[in-house]
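Working notes, beginning with the structure itself.
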Amino acid sequence: MPTSPFPKQLDYQSIKAEYDNSEMSAPPANISSNDLDQSEDPSVVQSDQTTPKTTGLTGTRLRSYAFAVLTRREYSKKELIEKLSTYAQSYDEVLALVDEFAAANYQSDERVAEMTVRSQMQRGKGPQRIKQVLKSKALDQAHVKEQLKEIDWFAQAYQLKIRKYGTEVATDPKLKAKQARFLLYRGFQMDVVMKAISRKEYEED
Numbered sequence: 001m002p003t004s005p006f007p008k009q010l011d012y013q014s015i016k017a018e019y020d021n022s023e024m025s026a027p028p029a030n031i032s033s034n035d036l037d038q039s040e041d042p043s044v045v046q047s048d049q050t051t052p053k054t055t056g057l058t059g060t061r062l063r064s065y066a067f068a069v070l071t072r073r074e075y076s077k078k079e080l081i082e083k084l085s086t087y088a089q090s091y092d093e094v095l096a097l098v099d100e101f102a103a104a105n106y107q108s109d110e111r112v113a114e115m116t117v118r119s120q121m122q123r124g125k126g127p128q129r130i131k132q133v134l135k136s137k138a139l140d141q142a143h144v145k146e147q148l149k150e151i152d153w154f155a156q157a158y159q160l161k162i163r164k165y166g167t168e169v170a171t172d173p174k175l176k177a178k179q180a181r182f183l184l185y186r187g188f189q190m191d192v193v194m195k196a197i198s199r200k201e202y203e204e205d
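Structure representation (structure tokens):
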């Protein structure tokens, strides 16, 4: 896979030094540490829309909370808007702030998309499942369209197959169907699946 064209993850801790350190050091009042997403997995989509508002943040305090959120993981625009709206006083202010952060590259859908693809591949997911996750985050799939095309999905599917079922090529129709269903569920396309479950151990691509 070629060198990624996307920028590396930002060091938000150094960026935060531009603002009031006393406000950056902790979430805004009435927001517990549990309200800040602790997940290290960027592919997980979590919505805080059901969380009741406990305060109406605005101005510097809203900005501080936004930075605190972004220090924990990358958020897509959609996710960040939902997160901030839970505690913000003004939805319009949230939209303006997120646009500002995106323009300054503090928030980047491209970084989120790249990290999502990498994370999902590590979990053995194929292109169809990855596209679903990108869509759920309201990410433009064009950000990683070329990268998805350049990935050897047959190799990915075959490695997943041998980890699960070994290198032996199944001859029993039921076992072959079971292997095919496994790879299809993981998000690989039918032609790739059939090729992967039929490949012999020392057969060249």
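In the UniProt record's numbering, the protein residues as written are 1 to 205. Heads up, the beta-carbon is just placed ideally off N, CA and C, and yes, glycines get one too. These figures come from a predicted structure and were not determined experimentally.
Residues that DSSP places opposite residue i in a beta bridge
| i | result |
| --- | --- |
| ALA88 | LEU57 |
C-alpha gap between residue i and residue j, whole angstroms
| i | j | result |
| --- | --- | --- |
| ASP191 | LEU57 | 52 angstroms |
| ASP48 | TYR87 | Any answer about ASP48 is weak, because its pLDDT of 49 lies below 50 and its placement is not dependable; what the coordinates show is given next. Each residue's alpha carbon lies about 10 angstroms from the other. |
| GLY124 | TRP153 | 10 angstroms |
| ALA196 | LEU80 | 39 angstroms |
| PHE182 | LEU139 | 27 angstroms |
| GLU201 | LEU175 | 17 angstroms |
| ASP92 | ARG61 | 15 angstroms |
| TYR126 | PHE188 | Sequence inspection shows Gly at residue 126; the Tyr mentioned does not correspond to that position. Taking the straight line joining both Cα atoms gives about 5 angstroms. |
| GLU150 | THR167 | 25 angstroms |
| GLY59 | THR71 | 19 angstroms |
| SER119 | GLN89 | 34 angstroms |
| ILE162 | ILE130 | 21 angstroms |
| MET121 | LEU184 | 15 angstroms |
| ALA155 | LYS78 | 33 angstroms |
Cβ-Cβ distance between residue i and residue j below 7 angstroms
| i | j | result |
| --- | --- | --- |
| VAL94 | SER108 | no |
| ALA180 | VAL193 | yes |
| VAL117 | GLU74 | no |
Top-ranked residue by Cα proximity to residue i, from the options
| i | options | result |
| --- | --- | --- |
| LEU160 | LEU148, LEU139, GLN147, ARG199 | ARG199 |
| GLN128 | ASN105, ALA157, GLU110, TYR106 | ALA157 |
| LYS164 | ARG186, ILE151, LEU148, GLU114 | ARG186 |
| MET115 | LYS83, LEU148, LEU97 | LEU148 |
| GLU110 | SER76, LEU184, GLU82 | SER76 |
| ALA96 | MET121, GLN120, ALA66 | ALA66 |
| LYS83 | VAL69, GLN89, SER90 | VAL69 |
| TYR106 | SER64, ILE162, GLN122 | SER64 |
Counting pairs of beta carbons, one from the region 99-107 and one from the region 131-144, are three or more of them closer than 8 angstroms?
-> no
Would you be able to state if there are at least three C-beta pairs under 8 angstroms between the region 139-149 and the region 164-179?
-> no
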